[in-house]
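Right, one structure below, let's go through it.
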Ligand code: CP
Ligand code: NVA
């Protein structure tokens, strides 16, 4: 049984397989007559809708559950008992949680009980692998030539940038991260991010691709130089609402503006996982500019989720 809690659960070859499955134009009804539980401890527009539709496209029935309905946070039930219960009805469980530890406990319980029900991380405080796979799909679709791609991420070192950095490194995409130094990833975070390089031998399955380079900057203008994509995310993530004001001050020079886009490569695209705070991490005019591919990303969440479901369900049935 394969779960997707983090990008580090995948090899470079797995990523290629998922991208290929995401782009298939005909879908086998692998979920015919089956349920998929989608648990949300935090709000969601894209993840919930894309996951529900991907399940329907594969012939299954999504059951979306809000966190307060099951009461994980209030201690109504343990993650272990909840996942054992959901596994009675569903072929797969996706969960958006405050604490990544809850996903780990669910996965460990399924393994302990020998239950073949994959768990998928629909965003935790630690990582957002489904978003990063969608972003890689989008970057590949928009970079059809075999040239080396360079991406600048301007903003907070968070769940989104962690997973994005990992798919970039694994796929030979250079990533520059511009963040105020006090918000940089810690040394141990960086080690974990870079571990995907060692785990995958630093090459793709053809053995020819160099891993992507990760560079940290405090100057966003230096970070975007020569980059084909400029990506940002909110300055205060869900669960960090108390820090919104101090973060707004710390990040005020890190807004993605037209001037910043002009300092990137000619034709550079703007990316955002959404939801966006217009006027904070991104200027209004950039969101609406021709270079903005944010709604291509939003659509690709559904295609990528179908690829992820096909991959995990196939891995579960063949092991
Ligand atoms: N990008 C993303 O995960 O969006 P939602 O929070 O709306 O699901
Ligand atoms: N970093 C953001 C991503 C939202 C999709 C958050 O965790 O709130």
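Numbering (the working numbering), first residue to last: 13 to 331. All C-beta atoms, glycine included, are put in the ideal place defined by N, C-alpha and C.
Same chain, Cβ closer than 6 angstroms to residue i, neighbours up to 5 away in sequence not counted
i	result
residue 150	308, 309 and 312
residue 218	Annotation note: pLDDT 47 at residue 218 (below 50); position unreliable, coordinate value reported separately. Taken in chain order, the list of residues that qualify is empty.
residue 128	13 and 328
residue 139	18, 171, 174 and 175
residue 261	none
residue 411	In the structure as shown, the chain begins at 13 and stops at 331. Residue 411 is therefore absent and cannot be evaluated.
residue 233	275
residue 101	47
residue 197	169
residue 54	108 and 250
residue 44	71
residue 326	none
Cβ-Cβ distance between residue i and residue j below 8 angstroms
i	j	result
residue 168	residue 195	yes
residue 206	residue 134	no
residue 323	residue 30	yes
residue 108	residue 52	yes
residue 86	residue 111	no
residue 288	residue 273	no
residue 235	residue 301	no
residue 251	residue 221	no
residue 42	residue 71	yes
residue 148	residue 27	yes
residue 99	residue 48	no
residue 202	residue 58	no
residue 60	residue 76	yes
residue 38	residue 318	no
residue 268	residue 305	no
residue 263	residue 193	no
residue 227	residue 188	yes
residue 270	residue 297	yes
Exposure of residue i, with buried meaning 16 or more beta-carbon neighbours within 10 Å
i	result
residue 315	buried
residue 64	buried
residue 121	buried
residue 124	exposed
residue 68	exposed
residue 62	buried
residue 284	buried
residue 178	buried
residue 144	buried
Cβ of residue i within 8 angstroms of any chain B Cβ
i	result
residue 192	Among the chains in the structure shown there is no chain B, since it carries only a single protein chain.
Residues near residue i in its chain [Cβ-Cβ closer than 7 angstroms; skip 5 each side]
i	result
residue 89	82 and 83
residue 225	186
residue 115	17, 107, 109, 131, 133 and 136
residue 92	117 and 121
residue 332	The structure shown does not extend to residue 332, since the chain is modelled only from 13 through 331, so no value can be given for it.
residue 146	309, 312, 313 and 316
residue 8	Because residue 8 is not part of the residues shown, which for the chain are 13 to 331, the question remains open.
residue 78	52
residue 277	238, 239 and 240
residue 40	none
residue 152	31
Residues of its chain near residue i, where Cβ-Cβ distance is below 8 angstroms and the 5 sequence neighbours each way are ignored
i	result
residue 16	22, 130, 131, 132, 133, 141, 142, 320 and 324
residue 281	154, 240, 241, 242, 303, 304 and 305
residue 255	248
residue 279	240 and 303
residue 56	108, 134 and 135
residue 342	No answer is possible for residue 342: the residues shown for the chain start at 13 and end at 331.
residue 332	Nothing can be reported for residue 332: it is not among the residues displayed for the chain, which extend from 13 to 331.
Handout entry: Completely contained alpha helix (DSSP H) runs for the region 253-308, where each covers 4 or more residues
Key = 256-262, 270-274 and 296-299, all fully within the region 253-308.
Problem - Ordered list of beta strand (DSSP E) runs contained in the region 177-201, each at least 3 residues - result: Whole beta strand (DSSP E) segments, 3+ residues: 186-190.
Problem - the region 158-176 / the region 242-254 touching (three or more Cβ pairs under 8 angstroms) - result: Yes: at least three Cβ pairs fall under 8 angstroms.
Handout entry: Every unbroken alpha helix (DSSP H) inside the region 65-115 [4 residues or more]
Key = Runs found: 79-82 and 91-98.
Practice task
Please specify which runs of the beta strand (DSSP E), each continuous and at least 3 residues long, are wholly inside the region 146-175, giving them in chain order.
Solution key: As far as the region 146-175 is concerned, its whole beta strand (DSSP E) runs of at least 3 residues are 162-166.
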